[in-house]
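Protein chains in written order, with our numbering: chain A, 1143 to 1477; chain B, 1143 to 1477.
Cβ coordinates follow ideal geometry from the N, Cα and C atoms, glycine included.
Remarks on the structure that follows.
There are 2 protein chains.
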Amino acid sequence: MAREIAEQPEVIRRLLDRFDDNVARVAGVLPEALAGTVLVARGSSDNAAVFGRYLIEQTSGRPTGLGAPSLFTRYHQPTDYRGHLAVALSQSGVTPEIVEVCRQMGRAGARTVAITNDGASALAQVADVVLELGAGPEVAVPATKTVMAEFVALLAVAGAFGALPFPRSSLDSIADAVRLMVEDPAPASGLAASWTDVDHVLVTARGSLHAVALEAALKIKEAAQMPAEAISGADLRHGPLAAVHRHDRVLVLDGGGPLSADVGDLTTRLADLGADVATCSERESADLPLPPGLIDPLSAFPALVRVQQLALALAHTRGFDPDLPPGLTKVTPTR
Amino acid sequence: MAREIAEQPEVIRRLLDRFDDNVARVAGVLPEALAGTVLVARGSSDNAAVFGRYLIEQTSGRPTGLGAPSLFTRYHQPTDYRGHLAVALSQSGVTPEIVEVCRQMGRAGARTVAITNDGASALAQVADVVLELGAGPEVAVPATKTVMAEFVALLAVAGAFGALPFPRSSLDSIADAVRLMVEDPAPASGLAASWTDVDHVLVTARGSLHAVALEAALKIKEAAQMPAEAISGADLRHGPLAAVHRHDRVLVLDGGGPLSADVGDLTTRLADLGADVATCSERESADLPLPPGLIDPLSAFPALVRVQQLALALAHTRGFDPDLPPGLTKVTPTR
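Structure below.
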């Protein structure tokens, strides 16, 4: 896991070299009159899908959402997907339900894009266009570099619809920002060392960074075998705040941009409830500092490294092998 | 909360009396060429939206998903919602972000349905059609009867597109099944009494019952101030299983129907990991038994009562006032 985290700047660089090509290939299969976009995935790929969902709705100007695989694989409903783009994500490309849903959505009229690390996989074979992650073999069960690559690939899908919500030149800053984080694991180790007595973590964010919060909770569960839950800052106010207690550990991700003020208010509220709040933001005082000047959605990339480092460090402080969590395998054969 | 749980059979009966009228009113505003449906809500209304999402995709035959309010209220993106039905849910009808998103989706071309307990609320005023819950005043902060009513109202929205996935006559069984549960609080009290040492609960289900799992976790957080997380049975296999430990308390909801076999497999898997698994199903041996013969999606209704009863009983065993959780108010003014 540590080695795969370190490979990420190079993975991003390679994928960005193919960025314009990937944009053009997705643009070539878009429906003429777009009705909407649906993303389909499970696990950490589903967290990447949440990131893509915000961006694609912004660039496509049409409703975008997450598909429910069981509607196809279990309820066998005959949904008409004409006019829709379907984006199916699977790192291995072999999760049966994702392959099956992508195939069925295509038969039902959707144009389909596969995002996978294996261009020869079953998923790649059923889609109209394949964006190959090119991340190289990933061995650790908790996916890191392939998730990062999925986030980057989704920028290309969003870019196929129209201008991204940041200057084209900012793309180059992603690999640099991620490199800065990779070379600086000390903040995550420090935070993990202060959490030795923790048995439950809450992670919260809003907007694009919510995808990173979901990934933080999943990585902590997988690598550190610790219950961790991600709740969006808005949803947290609608009930779950009642279960936040004095000394509970909460990680707040602030990606800058239009949601930053609300996340700041929430941080104060959590502290008032007595929670032990750690922050990940561009502020120098943050427990997990991000490079200055990058705002949502670009700040999601360095933030992703920070939460990977935290999960890894928590595994180490608890004496667990982060690469081989109990009860899991690298490919999860859900149907 | 206890009184409002007890009122639910009557609330359902009143709403079902207006079922055909509600179906006709929604049918009257459906877009001519439907592109898709988007549901918008927060908190427990968002859990009801998850229930509606499965049903509406089945009856409408077009992609259905959950909207992200921040895209409207924070990112200010100009999405084109022509051809889409937007369903906005808010029990109070005054949550600012839900009112604002419903108004903006309507301006962007969506036909809009408001589901609310206050037919004179701001939300009711911005929608093309209002389905009033008629649940009467709800005082306890953890919503129960209004959530149940939202589930019922969503049956009418789904029914406006075409035949529901069960016979029309089955509708009458809902109130009866809920009454059976309301009159039998002992199983929930018994389970809560056996969980006195619990500090974290995992709830899992698949399909329509996933909405009930989400509501279980939210109600336990609100009423019993206990960390509780809902994870779909499929997503659980993609990582979170690593954080399930010996003696962890897991509640598995099995609503029967096409997902039952998979939920059964998962229950075995959780027990193999050493988790302390409680079940809610139509089996007589279940910790929280459901009336026999009702399958997904109808089993969601009695299951909703079972998880409300469990949250209430956990609040009592822990000495908390379920009606007034710390840090919450009845109306949550997120923007």
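Check	Outcome
Whose C-alpha, out of P1431(B), E1364(B) and G1381(B), is nearest the C-alpha of V1394(B)?	P1431(B)
Can you confirm whether the stretch 1206-1218 of chain B touches the stretch 1156-1167 of chain A when touching is taken to mean that 3 or more C-beta pairs between the two stretches lie within less than 8 Å?	no
Would you mind stating whether T1288(A) and A1298(A) have Cβ atoms separated by less than 8 Å?	no
Could you tell me which of V1236(B), L1456(B) and S1187(B) sits nearest to A1266(B), measuring between CA atoms?	V1236(B)
What did DSSP end up calling R1216(B) once you bin it into helix, strand or coil?	coil
Nearest to A1403(A) by CA position, among R1477(B), L1333(B), V1343(B) and A1376(B), is which residue?	R1477(B)
Quick one, are the C-beta atoms of G1381(A) and I1437(A) less than 8 Å apart?	no
Can you grab the Cα-Cα spacing for the pair G1324(A) / D1463(A), in whole Å?	It is worth fixing the name first, because residue 1324(A) is Val in this sequence and not Gly. Going by the C-alpha atoms only, they are around 20 Å apart.
At a CB distance below 9 Å, what residues from the stretch 1380-1402 of chain A approach chain B? Give them in sequence order.	H1380, G1381, P1382, L1383, A1384, A1385, V1386, H1387, D1390, G1399, P1400 and L1401
Taking the beta carbon of T1221(A) as the centre, do at least 16 other beta carbons fall within 10 Å, making it buried, or is it exposed?	buried
With DSSP as the reference, please indicate the residues paired to T1258(A) in a beta bridge.	E1274(A)
How many angstroms separate the CA atom of L1306(B) from the CA atom of F1293(B)?	14 Å
Quick check: what's the CA-CA separation for G1304(A) versus E1426(B)?	56 Å
Can you grab the Cα-Cα spacing for the pair E1280(A) / E1146(A), in whole Å?	7 Å
Any idea if D1339(A) is buried or exposed, counting beta-carbon neighbours within 10 angstroms, 16 or more meaning buried?	exposed
Rounded to whole angstroms, what is the Cα-Cα separation between I1198(A) and A1148(B)?	44 Å
Check the Cβ of A1226(B) against every Cβ in chain A and list those closer than 7 Å, keeping chain order.	One point to set straight first is that residue 1226(B) is His, not Ala, in the sequence displayed. In chain order: P1205.
Counting only beta-carbon atoms, is E1146(B) nearer than 8 Å to chain A?	no
Please return the same chain residues whose Cβ sits closer than 6 Å to the Cβ of L1273(B), not counting the five positions on each side in sequence.	N1164, I1257 and A1295
Are the beta-carbon atoms belonging to G1178(A) and H1226(A) less than 8 Å from one another?	yes
With 8 Å set as the bound, which would you pick, yes or no: does the beta-carbon of A1376(A) sit closer than that to a beta-carbon of chain B?	yes
For the putative contact between L1333(B) and D1429(B), defined by C-beta atoms under 8 Å, what is the C-beta separation to the nearest angstrom?	5 Å
Could you tell me which chain B residues have their CB closer than 8 Å to the CB of R1216(A), listed as they occur along the chain?	R1348, G1349, P1400, L1401 and D1404
Can you tell me where the beta strand (DSSP E) with H1387(B) in it begins and where it stops?	Here H1387(B) belongs to no beta strand (DSSP E), and DSSP marks it neither H nor E.
In chain order, what residues of the same chain lie with their CB nearer than 6 Å to the CB of G1399(A), ignoring the 5 residues before and after it?	I1437 and D1438
Need the endpoints of the alpha helix (DSSP H) that S1315(B) sits in, please.	L1313 to V1324
Compute the Euclidean distance between the alpha carbons of A1173(B) and Y1196(B), then round it to the nearest angstrom.	With the sequence shown as reference, residue 1173(B) is identified as Pro, and Ala is not the correct amino acid for it. One C-alpha to the other measures close to 19 Å.
Would a check of beta-carbon distances place A1210(A) closer than 8 Å to chain B?	yes
If you follow the alpha helix (DSSP H) that A1457(B) is in, where does it begin and where does it stop?	A1442 to T1459
According to the Cβ coordinates, are L1313(B) and R1348(B) closer than 8 Å?	no
Need the endpoints of the alpha helix (DSSP H) that V1165(B) sits in, please.	F1161 to A1169
Taking the Cβ atom as the reference point for each residue, do R1448(B) and A1376(B) lie within a distance shorter than 8 Å?	no
How many angstroms separate the CA atom of A1228(B) from the CA atom of T1254(B)?	5 Å
Applying a beta-carbon distance threshold of less than 7 Å, which residues of chain A neighbour H1342(B)?	H1342 and P1369
Would you kindly check if the distance between the Cβ of V1345(A) and the Cβ of A1370(A) is under 8 Å?	yes
Looking only at its own chain, which residues have a Cβ that is under 8 Å from the Cβ of V1283(B), when we skip the five neighbours before and after it?	E1364, D1465, L1466, P1467, L1470, T1471 and K1472
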